Amino acid sequence: MDADTGTAGSGAAEGSGPEPVVLYTEADTVAFITLNRPERMNTLTEGVIAGVADGIDRATASRNVRSIVLQGNGPTLTAGYDLNPGGGSTRGGSHGNVAASTGESSSEEFYDTWGSPYSAPGPKPREGAWDPVRDWQFMGHNVKRFMKIWECPKPVLGQIHGWAIGGATDMILCCDLLFMASDAHIGYAPSRIYGTPTTMMWVYRLGLEHAKQFLLSGDAIDAETAHRIGLVAYVYPPEELGDRVEAFARKLAHIPANQLALNKLLINQAFENMGLRTSQLLGTFFDGVTRHTEEAYRWVEDFETKGFRQVIAERDAPHGDYGERPR
9 MDADTGTAGS GAAEGSGPEP VVLYTEADTV AFITLNRPER MNTLTEGVIA
59 GVADGIDRAT ASRNVRSIVL QGNGPTLTAG YDLNPGGGST RGGSHGNVAA
109 STGESSSEEF YDTWGSPYSA PGPKPREGAW DPVRDWQFMG HNVKRFMKIW
159 ECPKPVLGQI HGWAIGGATD MILCCDLLFM ASDAHIGYAP SRIYGTPTTM
209 MWVYRLGLEH AKQFLLSGDA IDAETAHRIG LVAYVYPPEE LGDRVEAFAR
259 KLAHIPANQL ALNKLLINQA FENMGLRTSQ LLGTFFDGVT RHTEEAYRWV
309 EDFETKGFRQ VIAERDAPHG DYGERPR
């Protein structure tokens, strides 16, 4: 299913191909931010994350826009960070788009690719070395851009079709309301190895019991379950999802913009007071830790010996979900 509304527009961020990796369009009072890497399951790269953040800024500044829809082109919203952009090693990097860090040049290239704001001078890193502060800086930079969705004074509606996996949840759970296709799934697979949620919205949206249920196991959550536990607000048949989200977004135009902004700020402030920012700091730092354990190093090395898909399949086989979900 293609979740795009069909409106044409300019890109918020340019990719290496002929089309932007994120599309931005406006239709009357609604802005649409559309992930546009369908051939790669809309996996997250620096360009995609920057494009989403730029789209939120653009919609915020637009006087015509009263609400925003975040969606994806192709068969899925997003499969999370691009773990295997070129088939290379991911040692020394995030659970995102990474390159081997076997020396200073490759390490610098990695951080430059991800737009890390951290550039303090230091000695040449030894092979395989991990700088936890630099890691926290660049992953924290992603969190800050995801949190533009949370901080935007206009309602942001997340439209989930296909899959929203891993880092995809760090982004989409920042939305104000979530709409899900009845055949879609969401989950944080990196809970099993190689990650912790960085925006840490799971516990605030679900509460203690369900957060532990799905973060300790990493189990995929179907739409019916997601609705039952309060993770998403609405579930619709796939063929109706886009129209339903747009209709809800248009309805919000009948409410004063300042009223929407104040209510969103008030609700968000309650969660800020419950320690959201502290949880995000720990989640982002722990994410780096989980990617630099001996188990994580060996897991990534298996990409080269077994192949990326086989390693992922072995991770998910005991749970029978994601790539190993019964057809």
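Each residue of the sequence shown is one higher than the last, beginning at 9 in our numbering. Cβ coordinates follow ideal geometry from the N, Cα and C atoms, glycine included. Just so you know, these numbers come straight off a predicted model, no measurement behind them.
Q) Which residues share a DSSP beta bridge with LEU216? A) Note: LEU216 sits in no beta bridge, so no partner.
Q: Drop a sphere of 10 angstroms on the beta-carbon of HIS262, count the other beta-carbons inside from all chains shown, and report buried for 16 or more, exposed for fewer.
A: So HIS262 counts as exposed.
Q: Compare the C-beta of THR298 against all C-beta atoms of chain D and say whether one is closer than 9 Å.
A: Among the chains of the structure shown, chain D does not appear; only one protein chain is present.
**Q.** Status (buried if at least 16 other CB within 10 Å, exposed otherwise) for ASN266
**A.** Flag for ASN266 reads exposed.
Q: Look up HIS193 in the DSSP assignment and give the residues it is bridged to.
A: DSSP output for HIS193 lists TRP171 and ASP230 as bridge partner(s).
Q: Could you tell me the distance, in whole angstroms, from the CA atom of ASN271 to the CA atom of PRO264?
A: Computed Cα separation, rounded: 11 Å.
(Q) Can you tell me which residues form a DSSP beta bridge with ILE76? (A) DSSP output for ILE76 lists ALA39 and VAL164 as bridge partner(s).
Q. How should LYS162 be labelled, buried or exposed, when 16 other C-beta atoms within 10 angstroms of its C-beta is the threshold for buried?
A. Buried: at least 16 other Cβ atoms inside 10 Å.
Q. Going by DSSP, what residues sit across from TYR242 in a beta bridge?
A. Per DSSP, PHE187.
Q. Are at least three pairs of beta-carbons, each pair with one atom in the region 300–316 and one in the region 210–221, less than 8 Å apart?
A. Segments in contact, no.
Q: Classify ARG317 as buried or exposed, calling it buried when 16 or more other Cβ atoms lie within 10 Å of its own Cβ.
A: Its Cβ having fewer than 16 others within 10 Å, ARG317 is exposed.
Q. So, helix, strand or coil for LEU290, using DSSP?
A. Three-state result, LEU290: helix.
(Q) Tell me the DSSP secondary structure of PHE316 in three-state form. (A) It is helical.
Q) Taking the continuous alpha helix (DSSP H) assigned at GLY158, which residues delimit it? A) Sequence check: residue 158 is Trp here, not Gly. The continuous alpha helix (DSSP H) containing TRP158 extends over residues 140–159.
Q. What is the rounded straight-line gap between the Cα of ALA69 and the Cα of ARG285?
A. Distance between the alpha carbons of ALA69 and ARG285 is about 25 Å.
Q | Separation of ILE64 from CYS160, as counted between CA atoms | A | Between CYS160 and ILE64, the C-alpha separation is close to 7 Å.
(Q) Let me check one thing: in DSSP terms, what residues is THR86 bridge-paired to? (A) For THR86, which the question treats as bridged, DSSP gives the partners ALA172.
**Q.** Nearest-angstrom Cα separation, counted from ARG134 out to GLY101
**A.** Model confidence at GLY101 stands at a pLDDT of 37, short of 50, so the residue's coordinates are unreliable; what they give is reported in the following sentence. If I take the Cα positions, the gap works out to 15 Å.
Q. With a Cβ-Cβ cutoff of 9 Å, do TRP158 and ASN276 count as a contact?
A. A contact, by the Cβ cut-off of 9 Å.
**Q.** Spatial distance of ASP90 from ALA257 (CA atoms)
**A.** Rounded to the nearest whole angstrom, the CA to CA distance from ASP90 to ALA257 is 30 Å.
Q: Just the C-alpha distance for LEU196 and TYR305, rounded to the nearest angstrom, thanks.
A: Note on identity: in this sequence residue 196 is Tyr, with Leu being the wrong assignment. When only Cα atoms are considered, TYR196 and TYR305 end up about 20 Å apart.
Q: Provide the residue span of the alpha helix (DSSP H) that contains ILE275, from first to last.
A: Run containing ILE275: 265–281, per the alpha helix (DSSP H) assignment.
Q: Taking only the alpha-carbon atoms, compute the straight-line gap between ARG153 and VAL30 and give it to the nearest angstrom.
A: So the alpha carbons of these two residues sit roughly 14 Å apart.
Q) Helix, strand or coil for PRO198 per DSSP? A) In the structure shown, PRO198 sits in a helix (DSSP, three-state: H, G or I).
Q) Does DSSP put THR33 in a helix, a strand or coil? A) Looking at THR33 - three-state DSSP - the assignment turns out to be strand.
Q. Which stretch, first to last residue, makes up the alpha helix (DSSP H) that contains VAL68?
A. According to the sequence provided, residue 68 is Thr. The question's Val does not apply to it. Start and end: 54–69.
Q: Return yes when the Cβ of ILE76 is within less than 9 Å of the Cβ of VAL340, no when it is not.
A: Residue numbering for the chain in the displayed model covers 9 to 335; residue 340 lies beyond these limits and cannot be assessed.
Q: Would you check if the region 290–304 and the region 141–149 touch, i.e. whether three or more CB-CB distances between them fall below 8 Å?
A: Inter-segment contact for the region 141–149 and the region 290–304 is present: three or more beta-carbon pairs are separated by less than 8 Å.
Q) Do you know whose CA, among ILE320, GLY59, VAL38 and ASP324, lies nearest VAL122's CA? A) Note that residue 122 is Trp in the sequence shown here, rather than Val. Nearest option by C-alpha distance: GLY59.
Q | Close-in-space but distant-in-sequence residues of the same chain around HIS235 (CB under 6 Å, 5 per side omitted) | A | Only VAL243 meet the Cβ criterion.
Q: Out of GLU27, PRO28 and PHE40, state which residue places its alpha-carbon closest to the alpha-carbon of ALA255.
A: Looking at the Cα atoms, PHE40 is the closest of the given residues.
Q: Tell me, to the nearest whole angstrom, how far the beta carbon of LEU186 is from that of LEU260; I am working on the premise that it is less than 8 Å.
A: Between LEU186 and LEU260 the beta-carbon gap is near 15 Å, outside 8 Å, which marks them as no contact.
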